[in-house]
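To start, the structure under review is shown below, and the notes come after it.
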Amino acid sequence: MIRILIPVVLLLLGLGGGLAAGVISMRGGGDHHGEDPAAHGEMAGDDHGAGDAHGTDDHAANDHGGGHDDGHMHSNDPEYVRLNNQFVVPIVRHGNVRSMVVLSLTLEVAPGRNEAVFQREPRLRDAFLRVMFAHANAGGFDGSFTEAAAMMPLREALREAAIDVLGEIAMDVLIVDIVRQDA
C-alpha cells in the first residue's frame, strides 16, 4: 500500500509546487506589456533630445550604418503559448500503474493567434492526451524515452494533433518539461 501511496503523494506535491510557482510567476515579474505606450520615454522629465532629428525622415537618411533591433517582436515572428496545466500520463503494465509521466507543453503559433489556442484549449488538451496515451500504450515512455529517436514520433504526433484542432496557425508543439516517476 505504501509503495503506491508514496509516488502518488510525491506526484501531488510536485504538481502543487508547479501550480504554485506558475501562479506566483503570473502575478509578479517584469512583464510590462500593459503599460501606456504614450507614456514611454516620459521618465526624463526634461527636453532631452528635443533638438535632435529623431523620428524624422532627415534623420533616417543619415544612414548610421544599419538598422537596430528595438527588442520588439516583428510581425512574422511566431508566438509561444504555454498551456497552463501539465499533462499526466499513467504507464500501465499488466493492469498496474507502473509509473507516471508528467509533461508541460508550449505551442508555437502564427503571430497574433494566441487567443485561438486558449479558446480551443479543451479540444487541444483532449487531442494531446489521446496522442500521449497511445504513445504510452505502444511503449514510447519505456527505457531511454528521452532519446531524440524515441521522442520524434511523439513530437510529430503532437504537432499533427495541434494542426487538426487549430489548423495552419499551429506551427509546432514544444515539450518544455518531461518527467517519469517510477512506482
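Oh and the sequence shown: position 112 is 959 in my numbering, straight run, nothing missing.
C-beta atoms are modelled at their ideal positions from N, C-alpha and C, and glycine is treated no differently.
Since we're looking at a predicted model, the values are computed, not measured.
Run of the alpha helix (DSSP H) containing residue i, from where it starts to where it stops
i	result
I1010	995–1013
N932	Here N932 belongs to no alpha helix (DSSP H), and DSSP marks it neither H nor E.
Own chain partners of residue i with C-beta closer than 8 Å, once the 5 adjacent residues on each side are dropped
i	result
D878	With a pLDDT of 48 at D878, under the threshold of 50, the modelled position of that residue is not reliable, and the figure given next carries that caveat. So the list is empty, once near-sequence residues are dropped.
D924	P958
V1023	R929, S951, L952, T953
6 Å Cβ shell around residue i - same chain, five flanking residues per side excluded
i	result
V948	V936, F988, R1027
N931	none
V978	A1004, L1005, A1008
A974	A1008, V1012
Q933	V949, S951
Outcome for residue i when other beta-carbon atoms lying within 10 angstroms are tallied against a minimum of 16
i	result
H941	exposed
A985	exposed
H906	Only weak support exists for where H906 lies, its pLDDT of 48 falling under 50; the coordinates are left without a value.
V1020	buried
A828	Shown here, the chain extends from 848 to 1030; a query on residue 828 therefore has no answer.
I871	exposed
Neighbourhood of residue i by C-beta, 7 Å cutoff - its chain only, sequence neighbours within 5 removed
i	result
N1032	With the chain covering 848 to 1030 only, the question about residue 1032 has no answer from this structure.
I851	A1030
S946	I938, R1027, Q1028, D1029, A1030
Boundaries (first-last residue) of the beta strand (DSSP E) holding residue i
i	result
R1027	1017–1029
beta-carbon residue i near the ligand ATP non-hydrogen atom, thresh 7 Å
i	result
P854	This structure lacks the ligand ATP, and indeed carries no ligand of any kind.
Quiz item: Is it true that the segment 985–997 meets the segment 967–976, where meeting means three or more beta-carbon pairs spaced less than 8 Å apart?
Solution: no
Quiz prompt | Length-filtered (4 minimum) alpha helix (DSSP H) runs lying within the segment 955–991 | solution = 961–966, 968–984
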